[in-house]
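Worksheet for the structure shown next.
Residue numbers (the working numbering): 290 to 880.
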């Protein structure tokens, strides 16, 4: 039956509606009879002048009309300029034509923006309108789209148009995949602007050569590696790639273990993310338009990277920096002082993570040079409550996010002071800050519960602490791993997310949550009684809100019922409250 399939033939206005043939190469074409109706609008031809301009060539004009019709803009297959607009004044919004992983389909929220009236005029060989075929094929993963191109000529032409219109591509290459597959896919996307590769195989400079050759207009490049893959790209190869790609604005790459030294020079780069860096002998950035940089170094103690020289070069060669993130065990007061000396006036977010040698002196240097910070992350540092006091004195009207996780020298008093003095604070992370080191050591040696371990009365204030927070703007609070916390009282009406993972000493009877907008509570590793107390308080709050609406007795006074909406005249505020309660339920996550 494969060679004897019947296909309907649609030939615009000159093809009969019910003509079917079994083999185009064996049957001689008969006489073509005209139609009495207009092929464009469907009205009778007699005395009719059609005002609709056909945007597609008929099969008599070209045997491959769809494939030959090029799109003037990346939004649609074919779009004519609207009256009153020039040829270059159309809509230039970038469309996500191909945005999916190897096994995932495209998100349905990103609909293709094209003129359906134009695509409705053409049907493929199966009688399916081209706009429907476009919708179906554009949701296929790359391998299925390649297979669909082998079905028939109409599907092949539509597949080609989808590849050519693609502006964003997220591709996952398995361990058995080869660079040739990536190159063959990229050649089909000459207009590609954003590319994200998730590679489970080893990476070398060949992949950069394929990208440079196939994607001349690339603006964003992301290369993600798995734990089993090795990134063999060197610093010289990366530097040449960045210098050649003059349209590239964003570069994100993981597994940069072989970048022993590099020089990145680009006038277009605005964002750079590099991770897994180790022992760099030279690291220079000549990027005058760079606004965001993220450098994650390996946590090995033998790292020999000179961060002081690197930070000094950033200040001189990248004057427009707004966001800086550096994660390294080599961070120290000297590095922070060098960063404060360059005086980046536009700096808004500063993250210096895992610098155990960073002290209150570094906080004072940051506060004196950068008083407009909106985010400050000093996780893993050695600052104390005095450093928190400096932060509160300098950033009372600016700071919205403060992250002090893994800071062993801060106490609950410092956290309470920060929430009281920073009225605009929306996010605060104090994970592993309020720890119980003595109980942790004993539990790790004996394998017993932290609660059963008792310490002398002279050290109780260092082990068990209570935290009282009242804040009107705080939305996210993280206290993960605070084993030294035994009492928590929260009055935060805007709080939506609370992290209490591994708070092993928190007592259920000393927990009080007044958070009307709470949506998620993380309680992984907590005791069952504490989890039950959290659930009781959260669910009791929502049941009280639901029972806010009044009830009335029946006519005979025998039974109380809830008042229906058409009887009870509720205000708009009451309706809005009930709608929010129905839509929002707090989730207590324990797994």
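The C-beta atom is built at its ideal place from N, Cα and C for all residues, glycine as well.
Among 608, 517 and 597, which has the Cα closest to the Cα of residue 577? In the chain shown, the residue the question calls residue 577 occupies position 288. Ranking the options by Cα distance to residue 577, first place goes to 608.
Between which residues of its own chain and residue 781 is the CB-CB distance below 6 Å, once the five residues before and five after are set aside? Your numbering for residue 781 matches position 492 in the chain shown. These residues qualify, in order along the chain: 760, 763 and 804.
Determine the extent of the alpha helix (DSSP H) in which residue 704 is found, giving its start and end residues. In the chain shown, the residue the question calls residue 704 occupies position 415. Start and end: 701-710.
Considering just the uninterrupted stretch of the alpha helix (DSSP H) at residue 494, what are its terminal residues? As a position in the chain shown, residue 494 is number 205, starting the count at 1. Residue 494 -> alpha helix (DSSP H) spans 494-503.
Just mark residue 536 as buried or exposed, buried being the case when its beta carbon has 16 or more other beta carbons within 10 Å. Numbered from 1 along the chain shown, position 247 holds the residue referred to as residue 536. Exposed, because fewer than 16 other Cβ atoms sit within 10 Å of the Cβ of residue 536.
Suppose only complete runs of 3+ residues qualify. What are the beta strand (DSSP E) ranges in the segment 658-702, listed by chain order? 664-666 and 690-692
Let me know the secondary structure DSSP gives residue 758 once reduced to three states. On the chain shown, residue 758 is found 469 positions in, with the first residue counted as 1. In this structure, residue 758 counts as strand in the three-state DSSP scheme.
Alpha carbons only, please: which of 672, 708, 799 and 445 is nearest the one belonging to residue 765? Here residue 765 is taken as the residue at index 476 of the chain shown, counted from 1. Cα-wise, what sits closest to residue 765 is 708.
Using three-state DSSP, classify residue 651 as helix, strand or coil. Numbered from its first residue, the chain shown carries residue 651 at position 362. Looking at residue 651 - three-state DSSP - the assignment turns out to be helix.
So, are the CB atoms of residue 458 and residue 488 less than 7 Å apart? The residue labelled residue 458 in the question sits at position 169 within the chain shown. The residue labelled residue 488 in the question sits at position 199 within the chain shown. Not closer than 7 Å, so no.
Alpha carbon of residue 582 to alpha carbon of residue 812, nearest angstrom: Against the chain shown, residue 582 aligns to sequence position 293. Against the chain shown, residue 812 aligns to sequence position 523. Looking at the two C-alpha atoms, the distance is approximately 34 Å.
Assuming residue 711 and residue 691 are in contact, meaning their beta carbons sit under 8 Å apart, how far apart are those beta carbons, in whole angstroms? Your numbering for residue 711 matches position 422 in the chain shown. Your numbering for residue 691 matches position 402 in the chain shown. Confirmed, about 7 Å.
Output the distance between the C-alpha atoms of residue 275 and residue 586, rounded to the nearest integer angstrom. Lying before the first or after the last residue shown, residue 275 is absent from the chain, which here runs from 290 to 880.
Can you list, in chain order, the residues of its chain with a C-beta nearer than 8 Å to that of residue 775? Leave out the 5 residues immediately preceding and following it. Counting from 1 along the chain shown, the entry for residue 775 is found at position 486. Excluding positions up to five away in sequence, the list reads 753, 754, 755, 794, 795, 796 and 799.
Can you name, in chain order, every residue of its own chain whose Cβ lies under 6 Å from the Cβ of residue 552, other than the five neighbours on each side? Residue 552 sits at position 263 when you count from the first residue of the chain shown. Taken in chain order, the residues that qualify are 528 and 573.
7 Å Cβ shell around residue 879 - same chain, five flanking residues per side excluded: By 1-based counting over the chain shown, the position of residue 879 is 590. Excluding sequence neighbours, residue 879 sits near 812, 813 and 820.
Pick from 658, 605, 625 and 818 that is closest to residue 596, judged by C-alpha positions: In the chain shown, the residue the question calls residue 596 occupies position 307. That would be 625, whose Cα lies nearest to the Cα of residue 596.
Starting from residue 453 and walking both ways along the beta strand (DSSP E), at which residues does that stretch end? In the chain shown, the residue the question calls residue 453 occupies position 164. Element bounds for residue 453: not the beta strand (DSSP E) but the alpha helix (DSSP H), 442-454.
Go to residue 471, then tell me how far its beta strand (DSSP E) extends in each direction, as first and last residue. Locating residue 471 in the chain shown gives position 182, where the first residue counts as 1. Unbroken run through residue 471 is the alpha helix (DSSP H), 468-476; no beta strand (DSSP E).
Let's test the definition: count the other Cβ atoms within 10 Å of the Cβ of residue 431 and tell me whether it reaches 16, buried, or not, exposed. Here residue 431 is taken as the residue at index 142 of the chain shown, counted from 1. Label assigned to residue 431: buried.
If I'm right that residue 646 touches residue 675 with Cβ under 8 Å, what's the distance once you round it to whole angstroms? For the purposes of this step, residue 646 is identified with residue 357 of the chain shown, where counting begins at 1. For the purposes of this step, residue 675 is identified with residue 386 of the chain shown, where counting begins at 1. Rounded, the Cβ-Cβ distance is 17 Å, inconsistent with contact.
What three-state label does DSSP hand residue 823 in the structure shown? Along the chain shown, one-based indexing puts residue 823 at 534. DSSP places residue 823 in helix when its eight states are reduced to three.
Can you tell me whether residue 598 is helix, strand or coil according to DSSP? Indexing the chain shown from 1 puts residue 598 at position 309. If DSSP states are grouped into helix, strand and coil, residue 598 belongs with the helices.
Nearest to residue 717 by CA position, among 758, 422, 470 and 683, is which residue? For the purposes of this step, residue 717 is identified with residue 428 of the chain shown, where counting begins at 1. Ranking 758, 422, 470 and 683 by Cα distance to residue 717 puts 758 first.
Between the CA atoms of residue 715 and residue 877 - distance to the nearest angstrom: Within the chain shown, numbered from 1, the residue matching residue 877 stands at position 588. Within the chain shown, numbered from 1, the residue matching residue 715 stands at position 426. Rounded to whole angstroms, residue 877 to residue 715 spans 21 Å at the Cα level.
What is the DSSP secondary structure of residue 543, reduced to helix, strand or coil? Taking the chain shown and counting its residues from 1, one reaches residue 543 at position 254. Reduced to three states, the DSSP call for residue 543 is coil.
Short of 7 Å in beta carbon distance, which residues of its chain neighbour residue 661, apart from the five on each side in sequence? Order them along the chain. Translated into the one-based positions of the chain shown, residue 661 becomes position 372. Only 637 and 687 meet the Cβ criterion.
I'd like to check one pair, residue 779 with residue 802: are the Cβ atoms closer than 7 Å? Sequence index remark: in the chain shown, residue 802 carries index 513 (1-based). Sequence index remark: in the chain shown, residue 779 carries index 490 (1-based). A contact, by the Cβ cut-off of 7 Å.
By the three-class DSSP mapping on this structure, what secondary structure does residue 422 have? One-based indexing of the chain shown puts residue 422 at position 133. Residue state, collapsed to three classes: helix.
Restricting to Cα atoms, I'd like to know which of 787, 450, 441 and 665 is closest to residue 424. As a working note, residue 424 is residue 135 in the chain shown. Taking only the C-alpha atoms, the option nearest residue 424 is 450.
Anyone know if the C-beta pair for residue 464 and residue 490 falls short of 7 Å? Residue numbering aside, residue 464 sits at position 175 when the chain shown is read from its first letter. Residue numbering aside, residue 490 sits at position 201 when the chain shown is read from its first letter. Yes, the pair counts as a contact, with Cβ atoms nearer than the cut-off.
Measure from the C-beta of residue 420 to each C-beta in chain C and report whether the shortest distance is under 7 Å. This model lacks chain C altogether; it includes just one protein chain.
For residue 601, which of 629, 685 and 592 has the nearest alpha-carbon? As a position in the chain shown, residue 601 is number 312, starting the count at 1. For residue 601, the nearest C-alpha among the options comes from 629.
Classify residue 333 as helix, strand or coil using the three-state DSSP reduction. Mapped onto the chain shown, residue 333 falls at position 44. It is a strand residue.
Figure out for me which residue from 508, 483 and 475 has the closest Cα to the Cα of residue 498. For the purposes of this step, residue 498 is taken as residue 209 along the chain shown, with counting starting at 1. Of 508, 483 and 475, the residue nearest in Cα terms is 475.
Report the residue ranges of all alpha helix (DSSP H) runs contained in full by the segment 515-579; include only those spanning at least 4 residues, in chain order. 524-533
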